[in-house]
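The next block holds one structure in the form of structure tokens; read it before the comments.
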Amino acid sequence: EEVPGHHDEL
Amino acid sequence: MNIFRFLGDLSHLASIFILIHKIQTTRSCRGISFKTQAVYVAVFVTRYLDLFTTFVSVYNTSMKIFFIASSCYILYLMKVRFRPTNDPSIDTFRVEYLVGPCAVLALIFNYGYSVTEVLWSLSIFLESVAILPQLFMLQRTGEAETITTHYLAALGAYRALYIPNWIYRYFSEGYVDPISVTAGLVQTGLYLDFFYVYFTKVLQGQKFELPA
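In order, the protein sequence lines correspond to chains X and E. Note that the first sequence covers residues 1 to 10 in my numbering. Note that the second sequence covers residues 1001 to 1212 in my numbering.
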């Protein structure tokens, strides 16, 4: 499942 | 992950260690805005609710937990451990003027009408202005301990380094996050005055003093 971009940034 | 974002995260990490180090070695939280620190707790808690729903990597999860835990620990240091050194009478910025407009912005600009998405958006907007009570306090007192300025510089550098990260991501992945980018630009912009004094005075070995 693709993780939306804003979840991988802190 | 790219080098800019990684350096930004390291800078963020460093800023927290510098702040805790300052409070513990001087046994004082003088010059630190409790309001700014309290807003950071709100920022991290609302942003990292995705800890319960989304797993990205061990790095990502550990950093999120660290930011929540360390920001709470700083509040503890300020309100309990070194409470007598915290002077609320100079920490007078009205935080409600920040939270209200950010809440409205989060309701208008978000990536989906769910509690977590709106809170995520709120956290991004709130973070962009969280430093204002601290900068306001600095402006009022007109000076700062050198260690405090290192803390602020590292904290400002964190979001500034996210800007090349976003440019890089646009070209390498075609990925754009307009909410983060806009807020990040505002956030970095707020530091420009501070950076100017930091580079021209503190890094030249002088004390951080604002012109009267």
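Backbone N, C-alpha and C fix where the C-beta goes; we use that ideal spot for every residue, glycine too.
Met-1137/E: first and last residue of the uninterrupted alpha helix (DSSP H) it sits in: The sequence position of residue 1137/E within the second sequence is 137, counting from 1. Where Met-1137/E is concerned, the enclosing alpha helix (DSSP H) stretches over 1132-1141.
Cβ distance (whole Å) where Cys-1102/E is taken to contact Leu-1119/E below 8 Å: Indexing the second sequence from 1 puts residue 1102/E at position 102. Indexing the second sequence from 1 puts residue 1119/E at position 119. About 11 Å; that fails the 8 Å criterion.
Contacts that Lys-1064/E makes with chain X (C-beta to C-beta distance below 8 Å): Along the second sequence, one-based indexing puts residue 1064/E at 64. Chain X residues near Lys-1064/E: Leu-10.
Cβ distance (whole Å) where Asn-1060/E is taken to contact Asp-8/X below 8 Å: Counted from its first residue, the second sequence places residue 1060/E at position 60. Counted from its first residue, the first sequence places residue 8/X at position 8. That pair is a contact at about 6 Å.
Chain X within 8 Å of Thr-1228/E, Cβ atoms only: In the structure as shown, chain E begins at 1001 and stops at 1212. Residue 1228/E is therefore absent and cannot be evaluated.
Chain X contacts made by the stretch 1009-1020 of chain E, where a contact means CB separation under 8 Å: Asp-1009 and His-1012
C-beta neighbour in chain X for Asn-1110/E, strict 8 Å: For the purposes of this step, residue 1110/E is taken as residue 110 along the second sequence, with counting starting at 1. Cβ-Cβ to chain X under 8 Å: no for Asn-1110/E.
For Thr-1200/E and Pro-1211/E, the rounded distance between their alpha carbons: In the second sequence, residue 1211/E corresponds to position 211, counting from 1. In the second sequence, residue 1200/E corresponds to position 200, counting from 1. C-alpha separation (whole angstroms): 13 Å.
For Phe-1082/E, three-class secondary structure by DSSP: The sequence position of residue 1082/E within the second sequence is 82, counting from 1. Coil.
Nearest residue (CA-CA) to Val-1176/E, options Gly-1189/E, Ile-1074/E, Tyr-1162/E and Gln-1187/E: As a position in the second sequence, residue 1176/E is number 176, starting the count at 1. Comparing Cα-Cα distances from Val-1176/E to each of Gly-1189/E, Ile-1074/E, Tyr-1162/E and Gln-1187/E, the minimum goes to Tyr-1162/E.
Simplified DSSP assignment, three categories, for Ala-995/E: Because chain E is modelled from 1001 through 1212, residue 995/E falls outside the range shown and cannot be assessed.
Cβ of Ser-1172/E within 8 Å of any chain X Cβ: Within the second sequence, numbered from 1, the residue matching residue 1172/E stands at position 172. It does not; no Cβ of chain X falls within 8 Å.
Cβ of Ser-1070/E within 8 Å of any chain X Cβ: Position 70 of the second sequence holds residue 1070/E. Cβ-Cβ to chain X under 8 Å: no for Ser-1070/E.
Cross-chain neighbours of Ser-1128/E in chain X, by beta carbon under 9 Å: For this step, residue 1128/E is matched to residue 128 along the second sequence. Those within 9 Å of Ser-1128/E in chain X number zero; the least Cβ separation is about 14 Å.
Ser-1089/E: contacting residues in chain X (beta-carbon distance under 8 Å): For this step, residue 1089/E is matched to residue 89 along the second sequence. Under the 8 Å cutoff, chain X gives no residues; its nearest Cβ is about 34 Å from Ser-1089/E.
Straight-line gap, Thr-1026/E to Leu-1126/E (C-alpha atoms, nearest Å): Your numbering for residue 1026/E matches position 26 in the second sequence. Your numbering for residue 1126/E matches position 126 in the second sequence. About 29 Å.
Rounded separation between Tyr-1151/E and Ser-1114/E - CA only: Position 151 of the second sequence, counted from the first residue, corresponds to residue 1151/E. Position 114 of the second sequence, counted from the first residue, corresponds to residue 1114/E. Looking at the two C-alpha atoms, the distance is approximately 35 Å.
Residue from Phe-1171/E, Met-1063/E, Ala-1157/E and Leu-1049/E with nearest C-alpha to Tyr-1196/E: Sequence index remark: in the second sequence, residue 1196/E carries index 196 (1-based). When only C-alpha atoms are compared, the closest one is Ala-1157/E.
Chain-ordered neighbours of Ser-1180/E on chain X, where CB pairs are closer than 8 Å: As a first step, residue 1180/E is located in the second sequence; it is residue number 180 there, counting from the start. By Cβ distance, chain X contributes His-6 and Glu-9.
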